[in-house]
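So the structure is just underneath, and the comments pick up after that.
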Amino acid sequence: MLITESLRATGVSAVCPPLVTTWTRSGEYGRLIRMAAMLFCAGLIAATAQISIPLPLTPVPLTLQPTIVLLTAAVLGARLGATCLLLYLAAGVAGLPVFAWSPWLAPGIGRLLGPTGGYLLAYPVAAYLVGWLAQRGLDRRYITAVGAMLAGLAVIYLGGVAWLLLLGAPSGTPQAAAELGVYPFLLADVVKLALVAAFLPSLRRFTTSS
């Protein structure tokens, strides 16, 4: 309620359809296209997992996944965005090679239970949050779009840190877990999100004017 009232006070619509819905409109063909878009985004997320850079002093690699996950959420909206990420996780648990490669962990649920498991499990929650915020109009302005993306990133980091603590991060403190799972990636992730968020207001204006 507080978010809705704040958006109204600033002249932003409280509720708007996801970008993918405005592109496809209604009808059976529209639903099929939205399903295809969801599957495409799940495949894109899986593809970005294969491009990972191992970093020293942390078991978590650097990937483009958080950025693509949050962009997917902003485009698909809360429901389709979260469903897309649940589909991605289900494919990984089933043994498909959609998670980041690891020389120590077996494919499938073994990698979901590894050091990156907390980030992966947080993806659907972060996607729902960012999609929900985008549907409340936060994708219409650059500053609010960045804020929505950062909120989703915070959820992903929170899941990652909590998971590293469960796995026994050195000294067993949140600070130690953050040193492994947040600080090495924070600057790069914020820069990537700031760049991606710049496209969202233009996409929203284009779809609402067409």
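So for the sequence shown, numbering that gives the first Met the number 0 puts the first residue at 0; every next one is plus one. We put the beta carbon where it would ideally sit given N, CA and C, even for glycine. Computed from a prediction, not measured in an experiment: that's the story for all the values here.
Restricting to Cα atoms, I'd like to know which of Leu88, Gly130, Thr47 is closest to leucine 18.
One-based indexing of the sequence shown puts residue 18 at position 19. Closest by alpha carbon: Gly130.
Enumerated in chain order, which unbroken segments of the alpha helix (DSSP H) with a length of 4 residues or greater are wholly contained in the stretch 98–139?
108–111, 116–132
Distance, Cα to Cα, glycine 10 vs glycine 107?
On the sequence shown, residue 10 is found 11 positions in, with the first residue counted as 1. On the sequence shown, residue 107 is found 108 positions in, with the first residue counted as 1. Note that glycine 10 has pLDDT 47, beneath the 50 cutoff, so the model's placement of it is unreliable and no number is given.
Leaving out the 5 sequence neighbours to the left and right, which residues in its chain are closer than 7 Å to leucine 202 when beta-carbon positions are compared?
By one-based count along the sequence shown, residue 202 stands at place 203. For leucine 202, where only same-chain residues beyond five positions count, the Cβ hits under 7 Å are Leu18.
Hey, how far is the Cα of leucine 75 from the Cα of glutamine 49?
To locate residue 75, count along the sequence shown from 1; it is residue 76. To locate residue 49, count along the sequence shown from 1; it is residue 50. For leucine 75 and glutamine 49, the distance between alpha carbons rounds to 23 Å.
What's the gap between the Cα of phenylalanine 198 and the Cα of alanine 187?
As a position in the sequence shown, residue 198 is number 199, starting the count at 1. As a position in the sequence shown, residue 187 is number 188, starting the count at 1. The alpha-carbon atoms of phenylalanine 198 and alanine 187 are separated by roughly 18 Å.
DSSP puts threonine 62 in a beta bridge; with which residues?
Working through the sequence shown from its first residue, we reach residue 62 at position 63. Note: threonine 62 sits in a beta bridge opposite Ser51.
Does the distance from the C-beta atom of alanine 176 to that of leucine 194 stay below 7 Å?
For the purposes of this step, residue 176 is taken as residue 177 along the sequence shown, with counting starting at 1. For the purposes of this step, residue 194 is taken as residue 195 along the sequence shown, with counting starting at 1. Not in contact: alanine 176 and leucine 194 (Cβ atoms no closer than 7 Å).
Three Cβ pairs or more, each shorter than 8 Å: is that satisfied between the stretch 85–95 and the stretch 27–35?
no
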